[in-house]
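First the structure, in the form of structure tokens, and then the observations on it.
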Amino acid sequence: MLYADFLEELGKAGLSVRAFAELIGMNPNSLSNYARTGELPTHLALIAVLVAGLNQMGGDYRSVMSKVELAPKKPRGGARRGRFGGDRQTNLDLDI
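Residue numbers for the sequence shown follow my numbering, beginning at 485 and rising by one.
Spelled out as structure tokens, the structure:
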């Protein structure tokens, strides 16, 4: 789905990008980044179309979606001493 079509679907649902991101447990910046490529992944497009369709038929998508508990995402990588990006750092032999 084109990003412009995605925004149109959000409008039908009465949602902003930020509100949609909160609804599905994503970072709003992650969604906005798709504007650069111009296309949205199919799974996000499908959610947007379903939410908009339910809203247009007079349904309450918020009560339906509240049945699923959103779990906080785990941070990527292993940002701790001696680790970078999840991989153990090796010592570099530099002749300085």
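C-beta atoms are modelled at their ideal positions from N, C-alpha and C, and glycine is treated no differently. In this text, all values refer to a predicted model and were calculated from it rather than measured experimentally.
- The three-state reading of DSSP puts Glu-523 in strand, counting E and B together.
- A Cβ-Cβ separation of about 5 Å places Leu-524 in contact with Met-485 under the 8 Å criterion.
- Inclusion of Val-535 and Ala-505 in the CB contact set at 8 Å is not warranted, their separation being larger than that value.
- Checking the DSSP bridge columns, you'll see Leu-530 has no partner listed.
- C-alpha of Ala-532 to C-alpha of Leu-491: approximately 9 Å in a straight line.
- In this structure, Val-501 places its C-beta atom within 8 Å of the C-beta atom of Leu-494.
- For Leu-578, DSSP assigns no beta-bridge partner whatsoever.
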